[in-house]
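With full-length UniProt numbering as the guide, the letters of the sequence shown map in order to residues 1 to 405. Here is the structure we will look at.
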Amino acid sequence: MTSEKLLRLKKLAEKRRQQTYPGYLSVSEFHDGKHDCDFVSPYSKGACDVNSKLFLLLQDWSSEEELKGPEKPEQIRLGRTPSLPTNKNLSRLLSEVYGVTLADTFATNLFPFIKPGRISEKIPMVLLVQAAKEYAIPQIEIVAPQIVICFGMPVFQAMRAACGLSAVANAEEARANPFRLGAVTVFQQAHPGGLGIANRRGFENVLNDWMEMRGQMDTVSNSDRDVPSHNLTRTKPRAPKMTHEVERTQESTPSNGRELQSRFLLTFQDYMDNHDCLFQPGRQDRERKLQFRLGKSGTQLCIKVLQQDNIIRVEFRTTGKNADVFYQQLLTQRSKIEEELGESPQWRAKEGNNRKQIILNREICLADESRWPEYCEWLLEKLNLFYGVFAPRVEQLQTGSRVSD
């Protein structure tokens, strides 16, 4: 049975190689084809138990920009980088709820091709539905799991559409309405990456969702599973045994501004881990600021969240005994700096203050967590831009006499 399943999956992989969707790329086009394999997605390399009851369905594997970087041996071998937040969170959920590892599941991507541009680029729903019909559903039929877990709304919506079902209104409705694909139950869960966890308001809520799903799965497994595809009416699961971490969260759910600021900055750090950043992530300071050293004492880049003012900020700052001297040297290059930035930042140099700043602000609504991905994208874009503009100049800064205007 196992060898037969592997042979059928291999045929799907061959189809994927021969029929790349227009405008997209094949995994074989990167790093001398080392990512390619006899599965639809490289992600299955390290999660290929074809007899597992758990089938994990993520959206897509990577992007052209991500794969232009150097080879990562672990990614080539496993089809994933275990240290990334998505994989760390997923492994933790599988362990705590089902007592298994990723290797004990079958995991794949709904969309088997590489999108051009950045990892955040969206894939049209019509293509996701097509890929669900041509690749995801055939894999489910081959593996024949007990449940499929769709990560994120686009994956779940595409699977529903491919099965002839109407769309659901939101993630809450999606979690409340698993559906049947033959004998398989298809669930929706938050994406295990930093943004997905944040949009669900924390890991503990995601863990609770998984515990409920486990309760439902146990209930469904005792019923007649050989039925046509249709919506399931959600039954109240047996009360799950929660971890102490979840119980503490339910007793105390801080909603003050500092907690929200800190959680947003953690989300942004996860975003940096999963996207192209020109330097190593910095450290969070006093729950509302991230700092990044530029290699010369008294110079740094900062990310700040000013919730009371509804602002996120990227700034270059210089502090200490050389702050005024450094600032004056940069001020002589103001026109060129603003030309390279493509806009005019605020230049702040209060008399008698040994902290000088060059600032870009953006108005936000931090409480609207659905917009956090947009804010993270803006911050990283500006942070990389600031690094490119200021890092070379910092190397040339001289201590000593003040430079005149």
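Glycine included, every Cβ here is placed at the ideal spot set by N, Cα and C. Source: prediction; values computed, not measured.
The secondary-structure analysis by DSSP pairs Asn109 across a beta bridge with Leu58.
Segment contact: the segment 60-71 against the segment 109-116, three or more CB-CB distances shorter than 8 Å; contact assigned. A distance of 8 Å or more separates the beta carbons of Arg317 and Asn361.
Excluding residues up to 5 positions away in sequence, Cys150, Phe156, Ala174, Arg175 lie with their Cβ nearer than 6 Å to the Cβ of Gln188 in the same chain.
By the Cβ test, the segment 259-273 is in contact with the segment 179-195, since at least three Cβ pairs between them sit closer than 8 Å. Val305 is positioned such that its CB atom lies no closer than 8 Å to that of Leu341.
As DSSP reads the structure, Ile149 sits in a beta bridge with Leu56, Phe187. Distance between Gln146 and Asp36, taken at the CA atoms: about 28 Å. Taking C-beta atoms under 8 Å as the contact rule, Asp218 and Ala190 fail to qualify, at a distance of about 21 Å.
Taken in chain order, the complete alpha helix (DSSP H) segments of 4 or more residues contained in the segment 116-160 are 125-131, 137-143. Assignment of Lys304 by DSSP, reduced to helix, strand and coil, places it in the strand class.
The straight-line gap separating the alpha-carbon atoms of Arg348 and Glu374 is approximately 27 Å. For Thr319, same chain residues with a beta-carbon under 7 Å away, outside a window of 5 residues either side, are Gly298, Asn354, Arg355 in chain order. A Cβ-Cβ separation of about 6 Å places Val50 in contact with Thr2 under the 8 Å criterion.
Checking the DSSP bridge columns, you'll see Lys356 partnered with Thr318. Taking 8 Å as the cut-off, the Cβ atoms of Val206 and Arg214 do not count as close.
In this structure, DSSP gives Leu181 an extended state, which the three-state scheme calls strand.
In the DSSP annotation of this structure, the continuous segment of the alpha helix (DSSP H) that includes Arg16 starts and ends at 2-18. The residue among Leu57, Ala198, Leu84 with its C-alpha nearest the C-alpha of Arg263 is Ala198. Residue state for Thr332 is assigned as coil, using DSSP reduced to three classes. Cβ-Cβ distances below 8 Å link Asp324 to Ala349, Asn354, Lys356, Arg402 in the same chain, with the five nearest sequence neighbours on each side left out; the list follows chain order.
Judged by DSSP secondary structure, Lys289 falls within the beta strand (DSSP E) whose first and last residues are 289-293. For Asn322, the number of other beta carbons within 10 angstroms of its own is at least 16, and it is reported as buried.
For Asn89 and Leu67, the gap between their C-alpha atoms comes out near 22 Å.
In the DSSP annotation of this structure, the continuous segment of the beta strand (DSSP E) that includes Gln346 starts and ends at 346-348.
Ser91: member of the alpha helix (DSSP H) spanning 85-93, first to last residue.
In the DSSP assignment, Asn51 falls outside any alpha helix (DSSP H), carrying neither H nor E. Using a Cβ-Cβ distance cut-off of 8 Å, the segment 34-48 and the segment 76-93 are in contact, since at least three pairs of beta carbons, one from each stretch, lie closer than that value.
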